[in-house]
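Notes follow once the structure below has been shown.
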Amino acid sequence: MNAERTRTCDECGRPMQRAFRRRKGVAYCPACYARVFKRRMCPRCGNFARLPKKEPEAVCRRCENAKPCLRCRKTEYEVGKITPYGPVCKACSVYFREPEPCEACGRPSSRLTRVRRLGHGLRLCPKCARADHGTCPACRRHRLLSAGPDGRLLCRVCREKGEIPCPSCGKPMPAGRGKVCETCYWTDTCRKRIRLDRAAFSTAGMEKDFGEFGEWLIGDKGPHKAALTVHRYLSFFLEIEREWKNVPPYRELLAHFGAEGLRRARIPMRWLREAKGVKVDAAAREEDSERRRIEGIVGTFGQGTEAHRILVDYAGKLMQRVEEGKTSLRSVRLALTPAAALLRRAAQKGGGLPDQTLLDRYLLDAPGQKAAATGFANFLRKTRSLKLSVRTDAKKAKEAQRRTLKKKIVAMARHPEEGEDFIRRWIAAGLEYFHSVKFNRKALEAVSAKVDEGGLRVVAGGRTYWLPNWRE
């Protein structure tokens, strides 16, 4: 061990057990220290000290160390290391060490340490040094664990004291919890956060409402979940205060936030229903959703493009029918869907208007859109003088449908999944492709399947069908 720790003096080259003085990365033996460092007055503080004789500007060690930590800029600290660039505190000194391998696991680390309780003198990385630490299953604190009377690994406090009454609520709790039980801790934490958030309101009414909501959240979700999530709802209440100063009727909330915005705030909305009597208008919510979907379809194309102008004109005509009570918003959205798809295909081909070839190809891929596409074709015929005929070739449509089913089956066979849902989807696709039999989701729940002869024997609708196994 001594031979491994032998060093040489950087000044004279003679071996030494340890450096008598180290300055700016240079190690000096006692003889070289006496020769190189002479006693004289420090030019900065005026005290006598041994300073390098060839450096008239050198200052004493106390003056060298009287600087902020090089890394964290702390001014009052215990020196952990003197680097060539200046002193650093003990906490920062690890960042100026060369990583060395841990003597237990071999991983390089600059935080090696010896731990007496482990019974050996190995220099260990932080992970190996705390290998006997863990989360106590009783108090949930990360501490040194040891086996208790029942064989469980517990921290010292929980092992010795067991359970004690909570000073706050009186209920029994693991002694390792400390001053309060977990429920009281999270309840107090949540209420502190509620008090901080209440300071953001400028009106007493909304401040009170948010406090009541926080207490309701503690009871509804539990103090732990409430403490972690209560702050995320602050912006919703602040927006209400900014717009109305108090809680408005549902329709005003819907007009401002939209159906999607209210869905994101479903927990505050539930509290508004239960505590403030806000009545949800499902029809108005659905109408708002449809309007926003329509806006999304119309906004598919950039403003100023021919496709955008056509879609705006067509949507305007359909909305006029809504105002006259001749159709619904849902029908408008369904009518705009094939219109946007056709215009998108035309744009991909270089712009311009949809032609008969594009329309035929679209109906071949989506034969179920024939009725909806008819209205758009008639609109283009009247407003853009396009001669479009809505027609479908039943044979080609069926062939296209079979090609789509084949691709789906091949994809499922190449990337199989586990679980009942995948088997149901395989049976549905297989029955439609191999036997031209189609079942809805509810009917599929009554279907039974059994592995047989390298495939699946499926009993559905009183008949037996054979399907290949996706594993074959």
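Going by the working numbering, the first residue of the sequence shown is number -9, and it counts up by one from there.
The beta carbon of each residue, even a glycine, is placed where N, CA and C say it ideally should be.
Because the structure is a prediction, the values reported are computed rather than measured.
Proximity test, Cβ basis, 7 Å: residue i and chain B
i          : result
serine 225 : Here chain B cannot be found, since the structure has a single protein chain.
Beta-carbon proximity list for residue i, same chain, < 8 Å, skipping 5 on both sides
i             : result
leucine 244   : Leu252, Asp271, Ala274, Arg275 and Asp278
arginine -3   : Pro5, Met6, Gln7, Arg8, Ala9 and Ala17
histidine 221 : Arg183 and Asp187
glycine 445   : Trp456, Leu457, Pro458, Asn459 and Glu462
Beta-carbon spacing of residue i, residue j below 7 Å
i                 : j                 : result
arginine 131      : glycine 166       : yes
tyrosine 352      : leucine 324       : no
leucine 144       : alanine 121       : no
lysine 428        : glutamate 435     : no
proline 213       : tryptophan 261    : no
alanine 419       : lysine 440        : no
proline 162       : glutamate 153     : yes
glutamate 285     : arginine 320      : no
alanine 403       : tryptophan 456    : no
valine 170        : serine 158        : yes
alanine 330       : threonine 290     : yes
phenylalanine 226 : phenylalanine 200 : no
glutamate 93      : leucine 112       : yes
leucine 378       : alanine 367       : yes
valine 49         : arginine 34       : yes
cysteine 115      : arginine 97       : yes
methionine 196    : glutamate 242     : no
valine 78         : cysteine 53       : no
valine 448        : isoleucine 417    : yes
valine 312        : leucine 301       : no
Assigned secondary structure, residue i (DSSP; H/G/I helix, E/B strand, else coil)
i                : result
arginine 447     : strand
glutamate 90     : strand
proline 258      : helix
cysteine 95      : coil
phenylalanine 38 : strand
alanine 272      : helix
valine 49        : coil
glutamate 280    : helix
valine 380       : coil
threonine 295    : coil
cysteine 180     : helix
tryptophan 456   : strand
lysine 339       : coil
glutamate 250    : helix
Own chain partners of residue i with C-beta closer than 7 Å, once the 5 adjacent residues on each side are dropped
i             : result
lysine 80     : Glu68 and Gly70
aspartate 442 : none
arginine 87   : Ser100
histidine 298 : Phe291 and Gly292
cysteine 22   : Cys(-1), Glu1 and Cys2
alanine -7    : Residue confidence for alanine -7 is low, a pLDDT of 41 falling below 50, so the modelled location carries little weight; the figure read from the coordinates is stated next. Excluding residues within five positions, none has a Cβ falling inside 7 Å.
aspartate 303 : Thr373
Nonlocal neighbours in the same chain, by C-beta distance under 6 Å from residue i, ignoring five residues either side
i             : result
cysteine 62   : Cys82
threonine 327 : none
glutamine 359 : Pro328
lysine 28     : Lys43
valine 84     : Ser100 and Arg101
arginine 414  : Leu434
Boundaries (first-last residue) of the alpha helix (DSSP H) holding residue i
i           : result
lysine 360  : 360 to 373
proline 162 : It is not in any alpha helix (DSSP H) - proline 162 instead sits in the beta strand (DSSP E) that spans 162 to 164.
glycine 420 : 410 to 425
Start-to-end residues for the beta strand (DSSP E) that takes in residue i
i             : result
tyrosine 23   : Looking at the DSSP string, tyrosine 23 is not in any beta strand (DSSP E); the run it does join, the alpha helix (DSSP H), is 20 to 26.
leucine 144   : 143 to 145
lysine 440    : 438 to 442
leucine 102   : First-last for leucine 102: undefined, no H or E at that position.
alanine 137   : 132 to 137
lysine 76     : Reading the sequence as shown, one finds glycine at residue 76 and not lysine. It spans 76 to 79 - the beta strand (DSSP E) in which glycine 76 sits, taken as one unbroken run.
threonine 125 : 123 to 125
glycine 463   : The shown model of the chain, from -9 to 462, leaves out residue 463, and the question about it has no answer.
| message | With a threshold of 8 Å, are at least 3 pairs of Cβ atoms found where one atom belongs to the segment 407 to 418 and the other to the segment 365 to 376? | response | no
| the segment 137 to 148 touching the segment 94 to 106, judged by at least three CB pairs closer than 8 Å | no
| field | Touching by the beta-carbon criterion (3+ pairs, under 8 Å), the segment 170 to 182 and the segment 204 to 224 | value | yes
| query | Are the segment 335 to 348 and the segment 301 to 309 in contact at 8 Å, needing three or more beta carbon pairs? | reply | no
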